[in-house]
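In full-length UniProt numbering, the protein residues as written are 1 to 289. I have placed the structure first, in the form of structure tokens, so that the comments after it can refer back to it.
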Amino acid sequence: MWINGLPLVCTMYASSECYFGLNLNPLCKPSEVSYTLVPSMGYFEFLPVQRNNGINSNSLSVPKALNEKEQQELVDLVDVKLGQEYELVVTTYAGLYRYRVGDVLRVAGFKNKAPQFNFICRKNVVLSIDSDKTDEVELQTAVKNAVSHLVPFDATVSEYTSFADTSTIPGHYVLFWELCLNGSTPIPPSVYEDCCLAVEESLNSVYRQGRASDKSIGPLEIKIVEAGTFDKLMDYAISLGASINQYKTPRCVKFAPIVELLNSRVVSNYFSPKCPKWVPGHKQWCNLD
1 MWINGLPLVC
11 TMYASSECYF
21 GLNLNPLCKP
31 SEVSYTLVPS
41 MGYFEFLPVQ
51 RNNGINSNSL
61 SVPKALNEKE
71 QQELVDLVDV
81 KLGQEYELVV
91 TTYAGLYRYR
101 VGDVLRVAGF
111 KNKAPQFNFI
121 CRKNVVLSID
131 SDKTDEVELQ
141 TAVKNAVSHL
151 VPFDATVSEY
161 TSFADTSTIP
171 GHYVLFWELC
181 LNGSTPIPPS
191 VYEDCCLAVE
201 ESLNSVYRQG
211 RASDKSIGPL
221 EIKIVEAGTF
231 DKLMDYAISL
241 GASINQYKTP
251 RCVKFAPIVE
261 LLNSRVVSNY
271 FSPKCPKWVP
281 GHKQWCNLD
């Protein structure tokens with residue numbers, strides 16, 4: 001990404017457990033970033049992940065210990081396949097602890113014989129009300145599509161997160177948006193409602209059936225929060241012990257105090273004005289174990 005000629009680059013892929021890999025082309029486009037894993041940093045294994053239209057069937061909980069079936073499915077670094085997605089598992093040299101990192105990676109290519117990976121999403125980000133499952137990739141795409149409605153007003157979303165609100169019947173998705181407003185023209189409520197509908201239109205068929213046919217999911221809601229809200233969220237996370245160096249804005253929140261913090265800073269809210277389009281016979285179910 002470039003800002004007035006200044007490149008913003010990500011040179012490495014790492015966690016608190018160890019360094020994983022390097023970006024060998026740091027000046028590439030953000031959409032083309034890939035990381036070459038360095039075998040000397042740790043012992044890397046890969047758990048195959050099957051995702052259907054952005055729905056990660058293994059992403060229904062936070063990473064936990066590998067079960068016997070998953071142990072048998074693990075793939076070594078030399079055996080990964082081009083285009084396949086995997087959850088990264090690393091064994092460190094310090095203490096020989098094995099970690100499920102919780103990241104989903106896709107094999108993008110090879111440097112000589114070394115695999116290069118795209119970061120796809122975190123594995124434990126899921127919104128769900130009924131039989132629907134929405135992961136980070138699908139949510140990000142939906143938000144990106146919706147933000148196009150703000151462009152004529154010289155506005156964009158600087159940060160966002162989501163919440164599955166089951167306090168109402170039926171439950172519904174809530175998106176918290178913090179905006180960057182550069183224009184002077186006020187944004188009409190109808191534009192925000194169009195954003196709500198654009199998000200819903202971008203979600204999977206299971207969600208859209210729940211909205212349009214089953215009526216098991218309520219209209220999606222966008223809540224606009226005050227400037228600085230996500231800084232407050234970071235401060236709160238750090239006060240609970242999170243590392244400032246590794247903090248990332250959560251794309252889905254469930255912890256009640258965090259939801260309360262976000263709700264306390266809402267300045268306006270909007271609902272989808274109608275049901276998204278859905279064609280009978282196109283329901284896509286998750287293949288859950």
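Cβ atoms here follow ideal geometry from the backbone N, Cα and C, with glycine treated the same way.
Item, Value
"As assigned by DSSP and simplified to three states, the class of T91", "strand"
"Any 3 or more C-beta pairs closer than 8 angstroms across the segment 171 to 182 and the segment 218 to 232", "yes"
"DSSP state of P115 mapped onto helix, strand, coil", "strand"
"Own chain residues within Cβ distance below 6 angstroms of D154, not counting five before or after", "N182 and G183"
"With 16 other Cβ atoms within 10 Å as the buried cut-off, status of K274", "exposed"
"Contact check, P188 vs S272, beta carbons under 8 angstroms", "no"
"As assigned by DSSP and simplified to three states, the class of A242", "coil"
"Buried/exposed call for P115, threshold 16 Cβ in 10 Å", "buried"
"Enclosing beta strand (DSSP E) for K274 [first to last residue]", "From DSSP, K274 is part of no beta strand (DSSP E); its letter is neither H nor E."
"Where N204 falls, given that 16 or more other Cβ within 10 Å makes a residue buried", "buried"
"For S148 and S190, the rounded distance between their alpha carbons", "14 angstroms"
"Alpha-carbon spacing of C18 relative to Q84, whole angstroms", "23 angstroms"
"Those residues which DSSP pairs with F163 across a bridge", "V174"
"F255 - partner residues in DSSP beta bridges", "Looking at the DSSP assignment, F255 forms no beta bridge with any residue, so it has no partner."
"Status (buried if at least 16 other CB within 10 Å, exposed otherwise) for Y97", "exposed"
"Beta-bridge partners of C121, as assigned by DSSP", "V104"
"Endpoints, the alpha helix (DSSP H) within which K144 is located", "E136 to V147"
"CA-to-CA distance, L150 to T185, given in whole angstroms", "11 angstroms"
"Within 8 angstroms, strictly: CB atoms of E159 and Y270", "no"
"DSSP bridge partner residues for S268 (one or two, in chain order)", "I224"
"Length of the line joining the Cα atoms of K113 and K81", "12 angstroms"
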